[in-house]
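The structure appears below as structure tokens.
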Amino acid sequence: TAVLTQRILHIVKEGMAKPSEILALTFTEKAAQEMQERVDLEMEYGYEEPFISTFHSFCDRILREEGYNIGLDGSYSLMSSAQAYIFLRKHLYDLPLNSLRPKGNPTKFLNDFLKHISRLQDEDVSPEEYVEFAKKLPNTGVAEKEEYKRINELALTYKKYTELKIANSKIDFGDLIIFTIKLFREKPNILEKYRKRFKYILVDEFQDTNFTQNTLVNLLTLGLKEENGTNRPSLTVVGDDDQAIYKFRGAAISNILQFKETYPEAKEVVLTENYRSKQEILDSAYTLIKHNNPNRLENTENIDKRLVAKGVFSDDEDSVNLVVASNEENEAKRVCDEILKLTGYSDYVEKDSGISQVFDEKGQASFVGDGNVEDKYKFSDIAILVRANAHAESFIQEFRHKGVPYKLGGSRGLYARNEIQNLIAYLRVLVDYSDEISMYRLISMPLWNLTPREYIELNMLARENKISMFEQLEELWHIKIGEDDLKEENFKEIDNKLLERILSAEAIVGLGTLLMILDSSIKKIKDNRDIVEILYDFLMRSEYMNAFLKEENNESIFAISNINKYFELVKSYQKDNPESNIYEYVDYLNYSIEVGESPLVDSTEMEDLNAVNILTVHGSKGLEFPVVFLVNLVAQRFPSVGRADSIPIPEGLIKESMPFEISEQELNLQEERRLFYVGATRAKEKLFLTAANYYGDAKRKKKPSIFLNEILDRDTKSDFETVDLDNINDISMNLKYISKDNYDSIIPRDENIDLTKKFSYSQLNVYDLCPRKYEYSYVLKIPQKPSSAMSFGTSVHNTLKDFYSLVKRSKEGLVGIANEPSLEELLDLYEKNWIVTGYESKKQEELRRKEGRDIMKKYYEKVYSKDDNPIKLEEGFNVHFGNTTFNGKIDRIDLVGENNGVLEVCIVDYKTGKEKDASDIKKDLQLPLYALFAEEKLGLKVVGAKYIFVEVQKTIEVDVSEKKRELAKEKLLEVVDCVKEKKFRPTPGFHCRYCDYNSVCDYAQS
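Under my numbering, the first residue of the sequence shown is numbered 63, with each subsequent residue one higher.
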């Protein structure tokens, strides 16, 4: 990545191309962002940015602009795997399924079918190609007829599923690349447009590309025919075949192995200087990976890939160490104790019968001794790498027991977080009160003051009565949750004598509150209220959010941030599925969790925390740590056993061809060996290889991983034979950390978090209104109540964006676009973009929807002009001020004229709601800021700016002079400084009555 970044800078600085003529493709948004930031730091302020993005983002942008040429609606919705599953299930009986839709369990094979589609997309197999292939299969013998029938069923279902997606303006991630390739093949003029635009194409992590991604790169570089390649772009790919570890995601290692066959004139540069690891670690890893010969580039290309350490290291201790324990639990203990030694804390533990608690004179957890650990490692310097997430559990338990702080990385996502699992349990109980697991989780929350003993008493009573826990609580309170005549006072009419024998007074009050909230939620469900509104009501009435606010530590801030993210996901689901109800949402949620589709937590708050990193080897790719523990190194754990696809692609459709003969078993072993190599080379100074003889309840001894022998270059059998039952002192340490069950992190309370890495105008506006509101919204990230004003505003903005997209295309004279979009088209776009969430009732939503149609009609008649000439719509930007990134999105940029080759433009921003008065407009800093960035980032000359107040059809010009821009910039930096200093003093006033946080803010004016 560093090499590609330097190449981009070199190309621009040497005048070989403009930044806009450079395309850099990465695999993750994080990698794209890091590359962009590295380029930003080196370039002059205000430069035009190169196109740096992921493959999927690049294709998404092309299809949004050009997809109409192949019948795609440019405003399509992009479906995740779980959303695709729900969509497929919704259309289950529109699909030509037979054997794949068994009568007893019609959805049984849907997940397998979706994986099958994904693999077809990875191999660049279109529905039409699959159908043609299926027709030509032999169809004579009994077995052949069965196979013919099965493959044709799959092919026709793939075709119908694709047609349904297009008809409903939906596509999935695999479609993004396959449709872009289809566009380029069917419309050569569009392909040539992009080939001419990008003079330089760069691809990071090339070994991770799949067949389809490689096809896309070849199309952009070579064109449709190789003879068209005379003016082709320059292509640079960076990759390491020894780090190809994503076969399970469809990656084709043949792309890098056969690159020279496609580009025989390509110049090779071998990067062998390593600034990360000590030489002993590099040599050991090299000894391991050589076992993949002769199928490595080093062998086939006759090059030397042996890495040479260039870093400076302070000690000469052994860098690679083997630790073998008797069983899984003792392996975790050995690792934990080694970490305590490395961090210097085990020196200060006093042993007392094998158990020790460390306290200071005030009873607070502390250290014994002088605490001089400057020459030791920090917890955050250490990583434990596991082959699968489940393998981390024994280490987590040991860390909790000994008070060692840790944080989980990799694919452990939002839905695995404790604070989110509680909300999910609440929703599950609402849709199925007989879900005892979710009910247990719900009533076990500390909010209701129920002890484990009290739960057992209640559970025994429910079992005696042969009813669910939910029904048992109804029985005790003599109520029926959700009944129309049930009022709050009914919750006080309870059998006190019976209850007091089972529950404490605090638990009676707590559970009574829970029942009231459940009653309110079930009534909201009956009234078809939004899921977000139901969750928000639970948060506030239960004081769930207040419980986190009172903690005032980083762990609680992180939890609130996750709750906020979850609310945004639910809002997004409702926007994409306006007719869906809570039952369908919980079904969708359950499927998401089942297939492991859990959104990643925003771990930026945790990056600087001093805690041990626990993550999968796959998740460690691209990272580095001074100390690495590669754990559970036994057969069938690492290497793991390869799994075949449940619905494999017919061999005749697989387009990836390996340059050598190899069995599937050996192919999997080589992939696992590369994964081991990646894990080992994450270590800078120390690499610990750990294993045990027994795992879980297994009575059979595990065999050592074959990779142990290879990396250590010796037989490790004797190391496993000489291990007795480990005699390890069970040291219990609390230090100064807080341990809680079911949390994905144990975070030191005194860690500091940078609050100003990203900033937007909305944040500036909120801080100006009330700094305390800013803290609630952007620091603590407390979810906001669904708002009809926000929903209406978003509906209008999206409508106008799509409408002016048609205007822009008509100005460009594109085929199939009318000279002037009609009023009917505007109204159709309005209906399509309408968001149903956030309204108090269905009646209010319908009324506002009708008002909106009238507003759109008046807008078309009074505001829209044939002379409007939009050149940019929803143009996003990022500008760096020191360590702060200011980001924003300009609704519309209109071309006004041209002067000496510089485009003169007017910035347009839409406002819904009431019109601002002149004094507010005069003080407004949004458009001056946008003008500043339009000129410095986009190279435009801003000669005007205006607000359009859509509801009253009024346009107001705004002063964006140099003086106003400098004033806006000063104000922005002033607010950033205030946020850095945590100045969140409340400014109570009339605005408090409309503030979403007035129920949690002690300063809110009533």
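All C-beta atoms, glycine included, are put in the ideal place defined by N, C-alpha and C.
Determine the contact status of residue i and residue j, defining contact as a CB-CB distance below 9 angstroms.
i       : j       : result
ASN336  : VAL374  : no
LEU245  : GLY285  : no
ALA1007 : ILE969  : yes
LEU965  : LEU994  : no
LEU359  : ILE318  : yes
ILE239  : GLN269  : no
PRO990  : ASN672  : no
SER849  : ASP638  : no
ASP953  : HIS1053 : no
GLU617  : ALA314  : no
TYR653  : ALA144  : yes
LEU199  : ASN214  : yes
TYR488  : SER583  : yes
LEU685  : PRO661  : no
Please check the pair residue i and residue j, which I expect to be a contact at CB under 8 angstroms, by giving their CB distance rounded to whole angstroms.
i       : j      : result
SER566  : GLU605 : At roughly 19 angstroms, the Cβ-Cβ gap does not stay under 8 angstroms, so SER566 and GLU605 are not in contact.
LEU677  : ALA445 : 7 angstroms
LEU56   : TYR155 : Lying outside 63 to 1068, the shown extent of the chain, residue 56 is not represented and no answer is given.
VAL1004 : VAL967 : 6 angstroms
LYS746  : ARG368 : Their Cβ separation, rounded to whole angstroms, is 18 angstroms, which puts LYS746 and ARG368 out of contact at 8 angstroms.
Does DSSP classify residue i as helix, strand or coil?
i       : result
LYS904  : helix
ARG699  : coil
CYS968  : strand
GLY136  : coil
SER161  : coil
MET141  : strand
SER642  : coil
GLU267  : coil
GLU91   : helix
LEU651  : helix
LEU565  : coil
GLU215  : helix
PRO514  : helix
ARG1027 : helix
ILE1010 : strand
LEU671  : coil
PRO168  : coil
ARG1095 : Residue numbering for the chain in the displayed model covers 63 to 1068; residue 1095 lies beyond these limits and cannot be assessed.
THR349  : helix
LYS469  : strand
LYS779  : helix
LYS542  : coil
Expressed to the nearest angstrom, what Euclidean distance is found between the alpha-carbon atoms of residue i and residue j?
i       : j      : result
LEU470  : ARG479 : 10 angstroms
LYS309  : PHE89  : 14 angstroms
GLU723  : GLN732 : 13 angstroms
LEU476  : MET507 : 19 angstroms
GLY129  : LYS232 : 12 angstroms
TYR645  : ILE482 : 18 angstroms
VAL657  : ASN608 : 33 angstroms
THR271  : PHE948 : 32 angstroms
THR513  : PHE691 : 39 angstroms
LEU797  : GLN459 : Residue placement at LEU797 is poorly supported in this model, since its pLDDT is 37, which falls under 50; the coordinates are not used for a value here.
GLY1105 : ASP184 : Absent from the model: residue 1105. The displayed extent of the chain is 63 to 1068, so no value can be given.
GLU393  : THR405 : 18 angstroms
PRO701  : HIS680 : 13 angstroms
ASN280  : GLU886 : 42 angstroms
ASP592  : THR899 : 6 angstroms
LYS820  : LEU888 : 35 angstroms
Looking at residue i and the ligand SAM, is the gap between the Cβ and the nearest heavy atom below 8 angstroms?
i      : result
LEU297 : With respect to the ligand SAM, the structure shown offers nothing to examine, as it has no ligands at all.
**OP:** Report yes or no: do three or more beta-carbon pairs, one from the stretch 889 to 900 and one from the stretch 833 to 843, lie closer than 8 angstroms?
**Re:** no
**OP:** Could you tell me whether the stretch 926 to 940 touches the stretch 68 to 80, where touching means 3 or more Cβ pairs closer than 8 angstroms?
**Re:** no
Original post:
Does the stretch 191 to 199 come within contact of the stretch 162 to 179, defined as at least 3 CB pairs closer than 8 angstroms?
Top reply: no
Original post:
Contact between the stretch 493 to 507 and the stretch 525 to 535: three or more CB pairs below 8 angstroms?
Top reply: yes
**OP:** Report yes or no: do three or more beta-carbon pairs, one from the stretch 936 to 946 and one from the stretch 1018 to 1029, lie closer than 8 angstroms?
**Re:** no
Original post:
Is it a yes or a no for the stretch 108 to 118 touching the stretch 129 to 139, going by three-plus beta-carbon pairs under 8 angstroms?
Top reply: no
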